[in-house]
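Participant: Pasting a structure below so you can have a look.
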Amino acid sequence: MKAKALIAVLSLSGILFSADKVILKKPPESLKKFYPPASQKFEFLSNMYSMSTAFYGINLNINEGNWKGAKEWALKLKKTYIETSKMVPEWKDYFKPKLADNLVKAVESKSVDKVIEASKKLGQTCAKCHADNQVAVKLVYHFPSFDNIKIEDPVEFMELETGKYMKKLTNSLKALKVYLTQGNVEAAQEAGANFIERARQLRSMCSKCHTNKLSEEVIVGKEFEGHLNKLEELLSAQKPNREEIFKTLGSIGMSCSRCHNVHLIPALVQEAFKK
Amino acid sequence: MIPLLLLLLFLGGCEKLETVFVEEDLLQRPPAKRCSDCHADIYREWKKSRHFHAWTSERFRIETENYAKVKCLACHAPHQVDPGRKPELRAEFREDGVSCVACHFKEETKSMHGPLKVWSPPHPSKQDLSYTKSSFCASCHRETYKEWKLAKVERSCQSCHMPSLGKRDLIQKFPFHLFHLAKPRTSHEFPSLKARPEDVEVRLEPGKIVLTNVGVPHNLPTADQGDPKLYLLAEVIYSDGRRKKVRKILSPQSKTALAYREPREIRIPPGEVKEVRVKLLRRLAWSEEKELIKEITLRTPSP
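Here it is, written out as structure tokens:
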């Protein structure tokens, strides 16, 4: 019975973070050296996995009545915990080395109750830091950056960063809407043609992160292409059908939002932390 | 020279000769430079190819965020190339990119596979005719291979991108080259080539320009992960003297490249057209340079 309770406490404490709010703080400078480009080894993250494994090792051995094995894992956990506490000076205060030592002592005492208590205490130090930092670190170090991605503008034949390209794309869309509303057909046709070319070129950025063409297809695939072709058709009429055009723009916009839903939040967080 | 040859032959009879001269390290995945000890000419050609640059390419480095995008790496530094199988990332000498060992050495046979039947004392070799087929290139050039299949042409990738150099020596190392006859050689520069003006047909029809790729048996341009482009610059001159510019990027990544023998229509702004001046340029995936493919002036009605 007690062993079961131990599993429950351990899996709740260290690994999951049960925050009722998610805070995004900019990750400290000194964390950088454990991530690309400074390092390819992800030393910080790899210590995290070691600690999590060690927690599990204690748990598993106690379940099997192997207190000697459990102690080895407890010592490993303590060692890694202390080592990790020195990796990022800005985060020093999150660590309580004494609690790691207490866990070793609890295991030595062979009391399941004491182990549960000590695990919980130590686990809380993990959870606190995760709640404060994990999401931000994921977004900054594990999500590729759109900043390095360049798209060539098909109207001006110039390479632009994602944000700037989006602006140009949106401006030609707005121009199309404005001219159309004013009834300036020729100008609307020109702005429309620019918008269509720019929208078609969006797809050229996907392969810079994705190697599976299916990911592209679901957002900017045949359906998207079909809407762009339809818009081209509508605009080429002598008296363009305004209502139909706005409807088609709505359908095109769905693809824009789908792509934003998947990618924009990480991109915005990265952007915000750069300042 | 003759005494040396004799000396070699007397070393324990012909059977053992195969093993006596094996240079063990050649079967332990050495860097490409090691192959140049004997295959000096082929090495020199390969150094000029994009396969050599596949890992060190600055653009590749930037786009993978310093090699952090793990799923990008295997084709640019493969362990072993087997037709029909996606390569795995190599552990050693990644800076060699798509290397000699990756394309020729097979773990299963511990020997160099290649298109020829050879006697090669320093390392075992095995004739393997898959090297002469397009499917050899397909494990990395996946999209291009699909397009090529649709084109239904006889010519293999190799016949265009590894053109024959006639009969030459495979090795340049003294004195071993004296024991070998010249053999069919293929260019290891893997030239990117360039479409000839006649490979792209350009016509003028009412309200549109029609482009057709009639000469390159895959998309023009073609790509897997690279982003090469074709630029169309057209100036439309109307009977009333008005002029309009039409510019387009045709690229595999935006799914606008010219498929083999599939006409592509490009709209031009309405009006009574007198003539259209068309320029077609290309930019390869790894290059900044825009090179002219074709320049033509079209008049109505198109001949």
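Those protein sequences? They're chains A and B, same order as listed. Heads up: the first sequence at position 136 corresponds to 142 in our numbering, and the numbers run straight through without jumps. Heads up: the second sequence at position 264 corresponds to 450 in our numbering, and the numbers run straight through without jumps. All C-beta atoms in this analysis are idealised placements derived from N, C-alpha and C, irrespective of residue type, glycine included.
Any C-beta of chain B sitting closer than 8 Å to the C-beta of tyrosine 171/A?
Facilitator: Within the first sequence, residue 171/A is the residue found at index 165, counting from 1. Chain B contact via Cβ: absent.
Participant: Is the separation between the beta-carbon of isoleucine 228/B and that of histidine 374/B shorter than 8 Å?
Facilitator: Counting from one through the second sequence, the residue named residue 228/B turns up at place 42. Counting from one through the second sequence, the residue named residue 374/B turns up at place 188. Yes; because the gap between Cβ atoms is below 8 Å, this pair is in contact.
Participant: Check whether the Cβ atoms of glutamate 158/A and lysine 441/B lie closer than 8 Å to each other.
Facilitator: Against the first sequence, residue 158/A aligns to sequence position 152. Against the second sequence, residue 441/B aligns to sequence position 255. The answer is no: Cβ separation not under 8 Å.
Participant: Decide if tryptophan 79/A is buried, meaning its Cβ has at least 16 other Cβ atoms within 10 Å, or exposed.
Facilitator: As a first step, residue 79/A must be located in the first sequence, where it is residue number 73. Per the 10 Å Cβ criterion, buried.
Participant: Given a threshold of 16 other Cβ atoms within 10 Å of its Cβ, counted over all protein chains shown, does tyrosine 55/A qualify as buried or as exposed?
Facilitator: For the purposes of this step, residue 55/A is identified with residue 49 of the first sequence, where counting begins at 1. Exposed is the call here.
Participant: Can you list, in chain order, the stretches of the beta strand (DSSP E) that have 3 or more residues and sit fully within the stretch 112-155 of chain A?
Facilitator: Fully enclosed beta strand (DSSP E) runs of 3 or longer: not present.
Participant: Mind listing which residues of the stretch 244-268 of chain B have their C-beta closer than 8 Å to chain A's C-betas, in chain order?
Facilitator: Listed in sequence order: Ile248, Glu249, Glu251, Asn252, Tyr253, Ala254, Lys255, Lys257, Cys258.
Participant: Going by the CB atoms, is the gap between arginine 468/B and isoleucine 479/B shorter than 8 Å?
Facilitator: Along the second sequence, one-based indexing puts residue 479/B at 293. Along the second sequence, one-based indexing puts residue 468/B at 282. Yes.
Participant: Which residues in the same chain as glycine 457/B place their Cβ atom closer than 6 Å to its Cβ, once the five residues preceding and following it in sequence are excluded?
Facilitator: One-based indexing of the second sequence puts residue 457/B at position 271. Taken in chain order, the residues that qualify are Tyr424.
Participant: Is the closest heavy atom of the ligand SAH to the C-beta of alanine 76/A under 7 Å?
Facilitator: The ligand SAH is absent from the structure shown, which contains no ligand whatsoever.
Participant: Please list the terminal residues of the continuous alpha helix (DSSP H) segment that includes glutamine 344/B.
Facilitator: On the second sequence, residue 344/B is found 158 positions in, with the first residue counted as 1. Counting along the chain, the alpha helix (DSSP H) containing glutamine 344/B begins and ends at 343-347.
Participant: Return the chain-ordered list of same chain residues with a C-beta closer than 6 Å to the C-beta of valine 402/B, the five sequence neighbours on each side being excluded.
Facilitator: The sequence position of residue 402/B within the second sequence is 216, counting from 1. Contacts found: Ala381, Asp385.
Participant: Given that serine 440/B touches chain A, what residues does it touch there, using C-beta distances under 7 Å?
Facilitator: Counting from one through the second sequence, the residue named residue 440/B turns up at place 254. The contacting residues are Arg206, Gln207, Arg209, Ser210.
Participant: Verify the CB distance criterion: does alanine 443/B have a CB-CB separation below 8 Å to chain A?
Facilitator: Reading the second sequence from its first residue, position 257 is the one you call residue 443/B. Cβ-Cβ to chain A under 8 Å: no for alanine 443/B.
Participant: Apart from the five residues just before and just after glutamate 162/A, which ones in its own chain have a Cβ nearer than 6 Å to its Cβ?
Facilitator: Indexing the first sequence from 1 puts residue 162/A at position 156. The answer is none, since no qualifying residue turns up.
Participant: Run through chain A and tell me which residues come within less than 9 Å of proline 433/B, C-beta to C-beta.
Facilitator: On the second sequence, position 247 is the one that residue 433/B refers to. Here the sequence assigns arginine to residue 433/B, which means proline is not the residue at that position. Result: Pro160, Val161, Glu162, Phe163, Glu203.
Participant: Would you please state the rounded distance, in angstroms, between the beta carbons of lysine 116/A and tryptophan 73/A? I believe it to be under 8 Å.
Facilitator: Within the first sequence, residue 116/A is the residue found at index 110, counting from 1. Within the first sequence, residue 73/A is the residue found at index 67, counting from 1. At roughly 5 Å, the Cβ-Cβ gap stays under 8 Å, so lysine 116/A and tryptophan 73/A are in contact.
Participant: Does any CB atom of chain B fall closer than 8 Å to the CB of glutamate 167/A?
Facilitator: Within the first sequence, numbered from 1, the residue matching residue 167/A stands at position 161. So, not an interface residue.
Participant: By the criterion of Cβ-Cβ separation under 7 Å, what are the contact partners of serine 437/B in chain A?
Facilitator: Position 251 of the second sequence, counted from the start, is the residue given in the question as residue 437/B. Those within 7 Å of serine 437/B in chain A are Ser210.
Participant: Thinking C-alpha only, which one of Tyr171/A, Ala194/A, Leu105/A, Ala60/A is nearest glutamine 207/A?
Facilitator: Walking along the first sequence from the start, residue 207/A turns up at place 201. It is Tyr171/A whose Cα lies nearest to the Cα of glutamine 207/A.
Participant: Please decide whether tyrosine 417/B counts as near chain A, where near means a Cβ-Cβ distance under 8 Å.
Facilitator: Start at 1 with the first residue of the second sequence, and residue 417/B comes out as number 231. Cβ-Cβ to chain A under 8 Å: yes for tyrosine 417/B.
Participant: Using a Cβ-Cβ cutoff of 9 Å, what residues of the stretch 392-418 of chain B are near chain A? List them in chain order.
Facilitator: Per Cβ criterion, the list reads Gly393, Ala409, Asp410, Gln411, Gly412, Asp413, Lys415, Tyr417.
Participant: When you compare the CB of proline 246/A with every CB in chain B, is at least one pair closer than 8 Å?
Facilitator: Translated into positions along the first sequence, residue 246/A becomes position 240. Taking Cβ atoms only, chain B never reaches closer than 8 Å to proline 246/A, which makes this a no.
Participant: Spatial neighbours of methionine 187/B within its chain, please: CB distance less than 8 Å, with the 5 preceding and 5 following residues excluded, ordered by chain position.
Facilitator: Working through the second sequence from its first residue, we reach residue 187/B at position 1. For methionine 187/B, the pLDDT reaches just 42, beneath the cut-off of 50, and the residue's location in the model is therefore unreliable, although a value from the coordinates is still provided. Contacts found: Pro361, Leu364.
Participant: Measure the alpha-carbon distance for glycine 198/B versus glutamine 214/B and round it to whole angstroms.
Facilitator: For the purposes of this step, residue 198/B is taken as the residue at position 12 of the second sequence. For the purposes of this step, residue 214/B is taken as the residue at position 28 of the second sequence. Caution is warranted here: a pLDDT of 42 is assigned to glycine 198/B, below 50, making its placement in the model unreliable, and no coordinate value can be reported.
Participant: Name the chain A residues whose beta carbon is nearer than 7 Å to that of arginine 341/B?
Facilitator: Position 155 of the second sequence holds residue 341/B. In chain order: nothing, as chain A lies at least about 26 Å away.
Participant: Could you compute how far the alpha carbon of tyrosine 185/A sits from the alpha carbon of arginine 248/A?
Facilitator: Your numbering for residue 185/A matches position 179 in the first sequence. Your numbering for residue 248/A matches position 242 in the first sequence. Going from the Cα of tyrosine 185/A to the Cα of arginine 248/A covers about 11 Å.
Participant: Across which residues does DSSP place histidine 299/B in a beta bridge pair?
Facilitator: Within the second sequence, residue 299/B is the residue found at index 113, counting from 1. According to DSSP, which records beta bridges pairwise, histidine 299/B is partnered with Lys312/B.
Participant: Three Cβ pairs or more, each shorter than 8 Å: is that satisfied between the stretch 231-244 of chain B and the stretch 277-286 of chain B?
Facilitator: Contact between the stretch 231-244 of chain B and the stretch 277-286 of chain B is present, because at least three Cβ pairs lie under 8 Å.
Participant: List the residues of chain B that serine 242/A touches, going by C-beta distances under 7 Å, in chain order.
Facilitator: As a working note, residue 242/A is residue 236 in the first sequence. Near serine 242/A (Cβ distances below 7 Å), the residues of chain B are Arg453.
Participant: Are the stretch 419-433 of chain B and the stretch 209-223 of chain A touching by the rule of at least three beta carbon pairs closer than 8 Å?
Facilitator: With the cut-off at 8 Å, the stretch 419-433 of chain B and the stretch 209-223 of chain A do not touch.
Participant: What residue range does the beta strand (DSSP E) around lysine 394/B cover?
Facilitator: Along the second sequence, one-based indexing puts residue 394/B at 208. Segment 394-399, the beta strand (DSSP E) holding lysine 394/B.
Participant: Helix, strand or coil: which one does DSSP assign to glutamate 182/B?
Facilitator: Nothing can be reported for residue 182/B, as the shown portion of chain B is limited to 187 through 489.
Participant: From what residue to what residue does the beta strand (DSSP E) around tyrosine 417/B run?
Facilitator: Taking the second sequence and counting its residues from 1, the one referred to as residue 417/B is at position 231. Per DSSP, tyrosine 417/B belongs to the beta strand (DSSP E) from 415-424.
Participant: Counting only the same chain and skipping the five closest in sequence on each side, list residues whose C-beta sits under 6 Å from that of tryptophan 232/B.
Facilitator: Within the second sequence, the letter at position 46 stands for residue 232/B. Contacts found: Phe238, His374.
Participant: Rounding to the nearest angstrom, what Cα-Cα distance links glycine 189/A and glutamine 244/A in this structure?
Facilitator: Position 183 of the first sequence, counted from the first residue, corresponds to residue 189/A. Position 238 of the first sequence, counted from the first residue, corresponds to residue 244/A. Cα-Cα distance, rounded: 12 Å.
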